[in-house]
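If you're matching positions, the sequence shown starts at 1 in the working numbering and goes up one per residue. Cβ atoms here follow ideal geometry from the backbone N, Cα and C, with glycine treated the same way. Remember, predicted model here, so these are calculated numbers, not experimental data. One structure below.
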Amino acid sequence: MADTWEHLKQDCMQCRGCALADTRTHVVFGDGATDAEILLVGEGPGQREDEQGIPFVGKAGLFLDDMLEMIGLDRSKVYIANIVKCRPPQNRDPLNVEQDACIGWLRRQTALLRPKIIICLGRIAAKVIIKEDFKITAEHGRWFERGGVQMTAIYHPSALLRDVSKRPETFEDLKSIQTKIREICPVHS
Ligand code: URA
Numbered sequence: 001m002a003d004t005w006e007h008l009k010q011d012c013m014q015c016r017g018c019a020l021a022d023t024r025t026h027v028v029f030g031d032g033a034t035d036a037e038i039l040l041v042g043e044g045p046g047q048r049e050d051e052q053g054i055p056f057v058g059k060a061g062l063f064l065d066d067m068l069e070m071i072g073l074d075r076s077k078v079y080i081a082n083i084v085k086c087r088p089p090q091n092r093d094p095l096n097v098e099q100d101a102c103i104g105w106l107r108r109q110t111a112l113l114r115p116k117i118i119i120c121l122g123r124i125a126a127k128v129i130i131k132e133d134f135k136i137t138a139e140h141g142r143w144f145e146r147g148g149v150q151m152t153a154i155y156h157p158s159a160l161l162r163d164v165s166k167r168p169e170t171f172e173d174l175k176s177i178q179t180k181i182r183e184i185c186p187v188h189s
């Protein structure tokens, strides 16, 4: 039977595919428009996200909302998800075994959404989605094509909060994203 958002979410909310299930408060499935042409992918939920069950609602999330606004977007025009759906303790990087256990959910989300553009938020998402040896410092803002989908990565919003010197480059990346959206997503132009 064909997958639906409803079935997928129901399945995902009950997932016990790795040890993060033991420490989570909520599964953080995703947020935004399920018919969006643009998919944003972060790393994994932090404390606020775990509490509320919604991605990017903490400090990094507020900063992400500001960045989206700068290029005429908001959560009603994109879909936001993470590589892992449950919070890694102490906000450590998700382990490979956790990423491997969880990636099927993002694959199914992507298959349902069929986005034209995927924006990876940070190194971890870029390594999983674009290529294993992705170097965020050298390759942020570059465009890659995979199976007809345009993909790029920007610094993670948390990195931009920590290190303001990365913001001018990210501003250029955001302008490039805006240009790409105008080219291939006419609904946003
Ligand atoms: N950082 C992420 O990568 N994802 C979230 O949902 C929140 C913070």
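Ligand 1 heavy atom lying under 7 angstroms from the CB of residue i
i   : result
P45 : yes
H26 : no
A96 : The identity of residue 96 in the sequence shown is Asn, whereas the question assumes Ala. Checking every heavy atom of ligand 1 against the Cβ of N96, none is found closer than 7 angstroms.
Residue closest to residue i, alpha-carbon to alpha-carbon, out of the options
i    : options                   : result
D40  : G53, D74, A21 and D22     : Checking the sequence shown, residue 40 turns out to be Leu, not Asp. Nearest option by C-alpha distance: D74.
M70  : V28, F144, I177 and C185  : I177
H156 : W143, T137, R146 and T110 : T137
V224 : C102, K59, E139 and K116  : Beyond the ends of the chain as shown, which are 1 and 189, falls residue 224; an answer cannot be given.
P89  : C18, G147 and R114        : C18
Nearest-angstrom Cβ-Cβ length linking residue i and residue j, presumed shorter than 8 angstroms
i   : j    : result
K85 : C15  : 7 angstroms
L20 : R87  : 7 angstroms
E37 : V187 : 7 angstroms
P94 : E49  : At roughly 13 angstroms, the Cβ-Cβ gap does not stay under 8 angstroms, so P94 and E49 are not in contact.
Rounded separation between residue i and residue j - CA only
i    : j    : result
G72  : Q150 : 19 angstroms
T152 : T34  : 20 angstroms
K135 : Q52  : 32 angstroms
E80  : I181 : The residue asked about is misnamed: residue 80 is Ile in this sequence, not Glu. Each residue's alpha carbon lies about 16 angstroms from the other.
R61  : L121 : Reading off the sequence shown, one finds Gly at residue 61, where the question assumed Arg. Computed Cα separation, rounded: 11 angstroms.
D100 : R107 : 11 angstroms
S165 : A2   : 46 angstroms
R123 : N91  : 15 angstroms
R142 : M67  : 18 angstroms
R24  : I154 : 27 angstroms
Q47  : G58  : 8 angstroms
L161 : F56  : 13 angstroms
CB contact check: residue i to chain B, cutoff 8 angstroms
i    : result
L161 : Structure shown: chain B not included; a single protein chain is present.
Residue i - partner residues in DSSP beta bridges
i    : result
E145 : Q150
I38  : I117
D31  : I80
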